[in-house]
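Report on one structure; see the data block that follows.
Take a look at the structure:
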């Protein structure tokens, strides 16, 4: 009798272990598609989450181009960092931003600021009242009260300027006024060389040497 009871107990124990392992197997089989789906989402969308931190659910604005900033639809603190073709790091920040309606790859900025580190410890900073950033091309068009500051002491004021974040280029084709430690100048446009950071003027230009 005792032997039969022992045999029955062992049988029940094995059966419970088998049922338990069967349930675990079913759970694993159901979980595999979910895990694969999560993995694929991370592979395809993680770079976007990393590069465009803080714009997971951007609010849209109406009509492009934007002339007035709608405070009800704005989001705050856009930040973007990267490296151009010359391994020069750049940083882009905007106090507020809105996605542009019917232009899914473009963002309207309020008070954008771009910083580009050049070789030999030099840098260029560009600020403006407004801007339009193309996410696909990684270009920023600065609009209204554009100010270009160079670590060498040069300063340019103009209406518009373009920054190509990938190529490390920044230039303008509107009338400008500039100054440095020794000269004052105005011109119809400017270009900043990629590697050296030197500012070149083009179009009709005038240069005046400062007097003490």
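Numbering (our numbering), first residue to last: -13 to 198. We treat Cβ as the ideally placed atom computed from N, Cα and C, and that holds for glycine.
Exposure of residue 153 is indicated by the presence of fewer than 16 other C-beta atoms within 10 angstroms of its C-beta. Relative to the Cα of residue 138, the nearest Cα in the group 167, 126, 146, 117 belongs to 167. Measuring C-alpha to C-alpha distances from residue 160 to each of 93, 177, 169, 61 identifies 177 as the nearest.
The Cβ neighbour count for residue 173, taken over all protein chains shown within 10 Å, is at least 16; the residue is labelled buried. The secondary-structure analysis by DSSP pairs residue 116 across a beta bridge with 96, 129.
Secondary structure note for residue 155: its beta strand (DSSP E) is the uninterrupted segment 155 to 158. CA-CA distance, residue 164 to residue 149, rounds to 18 Å. Beta-bridge analysis with DSSP links residue 192 to 172. Out of 119, 135, 89, 104, the CA that lies nearest to the CA of residue 111 is found in 135. Under the criterion of beta carbons closer than 8 Å, residue 158 and residue 108 do not qualify as touching, at roughly 19 Å. Looking at the DSSP output, residue 103 sits in a beta bridge with 109. Residue burial is scored here from C-beta neighbours: residue 142 has at least 16 other C-beta atoms within 10 angstroms and is therefore classed as buried. In terms of Cβ geometry, residue 92 and residue 120 form a close pair [threshold 7 Å]. In the three-state reduction of the DSSP assignment, residue 91 falls in the strand class.
Apart from sequence neighbours up to five positions away, the residues of its chain that approach residue 195 with a beta-carbon distance below 6 Å are 169, ordered along the chain.
Around the beta carbon of residue 193, a 10 Å sphere encloses fewer than 16 other beta carbons of the protein chains shown; the residue is thus reported as exposed.
The Cβ atoms of residue 83 and residue 95 lie closer than 7 Å to each other.
When rounded, the separation of the alpha-carbon atoms in residue 132 and residue 113 is 6 Å. For residue 144, the secondary structure class from DSSP, reduced to helix, strand or coil, is strand. Partner residues in the beta bridge of residue 61, as assigned by DSSP, are 83. By the neighbour-count criterion, in which 16 or more other beta carbons inside 10 Å mark a residue as buried, residue 144 falls on the buried side.
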